[in-house]
Amino acid sequence: MRTTSQIFVALLAVTAPAAAGGLTPFTEEAAARGITYAVQAWPQVGGYFGFGCAFTDLDGDEDPDLVVLGAASGRVGIYENDGRGVFTDRSFGNGIPLLAEASAVAAGDYDGDGDIDLYLTQFHATNRLLRNDGGFQFTDVTDAALVGGDGPTKAASFADYDGDGWLDLYVCNYTFPEPPGVEPFNRLYHNLGDGTFEEVAATLGVDDHGLGFQSIFTDYDRDGDVDLYVSNDRGHQPPYFRANQLWRNDGGVFVNVSEASGADAALFSMGVACGDFDNNRYPDFYCTNIPGGGDMNNPLLLNQGDGTFVDEAVAAGVDNPWTSWGAIFFDVDNDANLDLYVNNMWDPNTLFMNAGSFPCTETAVAAGVEANDGVSFAAAVADIDADGDLDLFVNNLGGTVELFINHEGERRQALRYRVVGFGPNVHAIGARVDTRIGPTWQLREILAGGNGYGTQNELVLHVGAGNAVAADEVVVSWPGGEVERTLTNVPTGVTWTLYPPDRLGDADGNGVIDLDDVPLIQDCLGQAFAPGCELMDLDGDSDVDTDDVTLFVAAYAGTIEDCDGDGTDDIEQIIHDPGLDVDGDGLLDSCSACPADLDGSGDVGFTDLLSIIVVWGPCPGCPADLDGSGDVGFLDLLAALSAWGPCP
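So the number in this note's numbering is just where the residue sits in the sequence shown, counting from 1, plus 30.
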């Protein structure tokens, strides 16, 4: 196990650094790309706590759309991405009510119907669960689902904490504990799978009595189930206020390990960034603060892998002595190290570039992402233009939102993963993906809410790869920890869809591998491996070859015959040579009672004669070689003429 100061090993063969001239600056392009959204200056009845935002695929077209909060009118900004990073405003006539006290966004498929629903929190007003009905139309199901509440809510996050397949919901309230009972504490809504939820926070001991600003479901101990971390304001001012809290999930039962783990940071904790900042395959926490709160600036709690955390902010150069709110980890330059972006309240935002060793370098001004328009609270990232790097959206008070387009990341390679879940957890919320390039591992988790302060990043996972042409190993762990799959030699520069093992070979998703699935493996066999063929890479080696055909046939639920007695199953021969089964019935045409019916019409006629004529000459193995001579000629034509008419 590493010590707290021996954290990084930067391997130049993997992590290509930025050029000597420094980062290629981002460009601010919100208005140019169709996003114009003004945020009010001093919101909310309880103070200026800022507004959230999220990138999520609302229309199922596999690109990130945008949700943004904070307009003085209460209008929720909904923007449709055309796949090129150009947005169309869908904020009107969509069924989403005006939310005057909006605070945060959590996006997840609570009803398991395949599209992303929205949970929008409000500060001292009713939170809203909005069912996605498709076509950017939503239905407010808050009352029916029993997840409203009218407390001082600042954050929410989705995950399946109990392993039943349904996304549950944690709601974080900024609640003063005295006098007791005046305001609701934090809530955990257990999804019953019928469109309703049951509130169980007190029963499970996670009804935190602090000034909650953010909640995160993350598997900090890598045991397969999601644990829970909560950021609390004023934790350094006991007895009325509580430090940050960490609960370990033991099979759906939560155990408070805050103090024992060292994750109980006591400060003006607002936002938390969650990710593996030191590439040891365990998620770390970075907490924002008011300078000097709790005798510290912003702590960087590095996960030691043994259940404990150690603050290394000073050594890492990221203690950030400014009042800050949001924070997110993301790999700006695709060098295989997570960088850190911090939203500062009164000062320019900061960007700490991580080259794989401490200290990090602050480069916000040089990178052009200091965010000048308003007081900055929140940020989210996504690859909005599908160019292989992560772009940055910033939500500011008293100004317009900003969208910073990344150009530095284009100089290096990356991998992107769209993980397919099973059961009602369609988008695999809570899944973990570990990527190895050379000896270096990178961890990514699918988080739904809690990526940053009131924000959510796109669900597609992004992994920087430096100059590597392929990842040596990719290990996918689905929620619950019982299903895992390892892939090798995975090409970079591509968005891959990662399927659970029981989906492999099943192209149409009907639960069985049968004749309808054969065309896809035929199309992919022997071709350069590309998106669309992931289902047919049954052995996970990033190609579709004979080994995959063997596995496909072994799982095949259709008719298995060897009609020509050559010792090879007909379906295997047909996969390798589609011409052996022109009529597509899964049987060799040469074994048919009517071999001259080359088009499978049930009659021998002119189209069959034409099929013979167009391949006239040497043609070993051709269906038109009716006499098996290796040549298509007059004898084959005569055989067809003698069989003219309806087949017997």
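Note that beta-carbon positions come from the ideal geometry of N, C-alpha and C, so glycine has one too.
A quick note: this is a predicted structure, and the numbers were derived from the prediction, not measured.
- [ ] Put D170 into one of helix, strand or coil per three-state DSSP.
- [x] Of the three classes helix, strand and coil, the one that applies to D170 here is strand, per DSSP.
| Under the DSSP definition of a beta bridge, which residues are partnered with G647? | According to DSSP, which records beta bridges pairwise, G647 is partnered with V662.
*Given a cut-off of 7 Å, decide if G301 and A357 are closer than it, judged by their beta-carbon atoms.*
Contact flag set, yes.
**Asked** Who are the Cβ neighbours of A102 in its own chain at under 6 Å, not counting the five residues just before and after it?
**Response** Result list for A102: Q70, in chain order.
query: Between the stretch 319–326 and the stretch 287–297, are three or more C-beta pairs nearer than 8 Å?
result: Cβ pair count under 8 Å is three or more, so yes.
Q.
Which same chain residues end up closer than 8 Å to L42 when comparing Cβ atoms and leaving out the 5 residues on each side of it in sequence?
A. With a pLDDT of only 35 at L42, under 50, the local geometry of the prediction cannot be trusted, and the value read off the model is given with reservation. Annotation for L42: no residue places its beta carbon closer than 8 Å to its own, counting only its chain and skipping 5 residues before and after.
Residues of its chain near A189, where Cβ-Cβ distance is below 6 Å and the 5 sequence neighbours each way are ignored | Cβ within range, chain order: F247, V256, I459 and G460.
Would you mind reading off the limits of the alpha helix (DSSP H) that contains A397?
A397 -> alpha helix (DSSP H) spans A394 to A397.
_Rounded to the nearest angstrom, what separates A174 and D592 at their Cα positions?_
So the two alpha carbons sit approximately 57 Å from each other.
**OP:** Would you mind working out which of G428, S354, D145 and N216 sits nearest P94, comparing C-alpha positions?
**Re:** Here the closest residue by C-alpha is D145.
Segment contact, 8 Å Cβ cut-off, at least three pairs: the stretch 493–502 with the stretch 443–455:
With a cut-off of 8 Å, the stretch 443–455 and the stretch 493–502 count as touching, because enough Cβ pairs lie within range.
#### Entry: Helix, strand or coil at G609 [DSSP, three-state]
Three-state result, G609: helix.
**Message:** So the candidates are T118, D119 and D143; which of them puts its Cα closest to the Cα of G453?
**Reply:** The shortest C-alpha to C-alpha distance from G453 to any of T118, D119 and D143 is the one to D143.
Check: Taking one C-beta from the stretch 469–488 and one from the stretch 330–344 each time, how about it: are there three or more such pairs within less than 8 Å?
Finding: Flag = no, the stretch 469–488 and the stretch 330–344 do not touch.
Quick check: what's the CA-CA separation for G282 versus G539? So the two alpha carbons sit approximately 30 Å from each other.
* Spatial neighbours of T172 within its chain, please: CB distance less than 6 Å, with the 5 preceding and 5 following residues excluded, ordered by chain position. => Apart from the 5 residues on each side of it in sequence, T172 sits with its Cβ closer than 6 Å to the Cβ of R158, L159 and G178 in its chain, given in chain order.
> If you draw a straight line from the C-alpha of I551 to the C-alpha of D613, how long is it?
Replying inline: So the two alpha carbons sit approximately 17 Å from each other.
Would a C-beta distance cut-off of 7 Å place F243 and A303 closer than the cut-off? No, the Cβ-Cβ distance between F243 and A303 is not below 7 Å.
Nearest neighbour of T580, chosen from D594, F382 and T598 [CA to CA]: From the listed residues D594, F382 and T598, the smallest Cα separation to T580 is found for T598.
For Y653, count the other beta carbons within 10 Å of its own beta carbon; 16 or more makes it buried, fewer makes it exposed. Which is it?
In the sequence under discussion, the amino acid at residue 653 is Pro, which differs from the Tyr named in the question. With 16 or more other Cβ atoms within 10 Å, it is buried.
**Asked** Quick one: what's M300 bridged to in DSSP?
**Response** Note: M300 is not bridge-paired with any residue in the DSSP secondary-structure output.
- Under the three-state DSSP convention, the category V344 falls into: In the three-state reduction of the DSSP assignment, V344 falls in the helix class.
Check: Does DSSP put Q486 in a helix, a strand or coil?
Finding: Reduced to three states, the DSSP call for Q486 is strand.
*Going by Cα to Cα distance, which pick from G479, T393 and I642 is closest to E438?*
Residue T393 is the option with its Cα nearest to E438.
Of the choices A186, G195 and F122, whose alpha-carbon is the least far from that of G165? Taking each of A186, G195 and F122 in turn and checking the Cα distance to G165, the smallest one comes out for F122.
For T151 versus T183, is the C-beta spacing smaller than 7 Å?
T151 is a Cβ neighbour of T183, given a cutoff of 7 Å.
query = Quick one: what's got a C-beta closer than 6 Å to R278's C-beta in the same chain, skipping five residues either side?
reply = The answer, listed in chain order, is D257, V285 and V287.
Have a look at A549 and L176 and give me their C-alpha separation to the nearest angstrom. The sequence as given places Pro at residue 549; Ala does not occur at that position. Distance between the alpha carbons of P549 and L176 is about 46 Å.
Mind pulling the alpha helix (DSSP H) runs of 4 or more residues that sit fully within the stretch 262–342?
-> Fully enclosed alpha helix (DSSP H) runs of 4 or longer: 288–291.
Contact criterion: CB-CB distance below 7 Å. Does D87 meet it with respect to chain C? Judged by its chain identifiers, the structure shown contains no chain C, having just a single protein chain.
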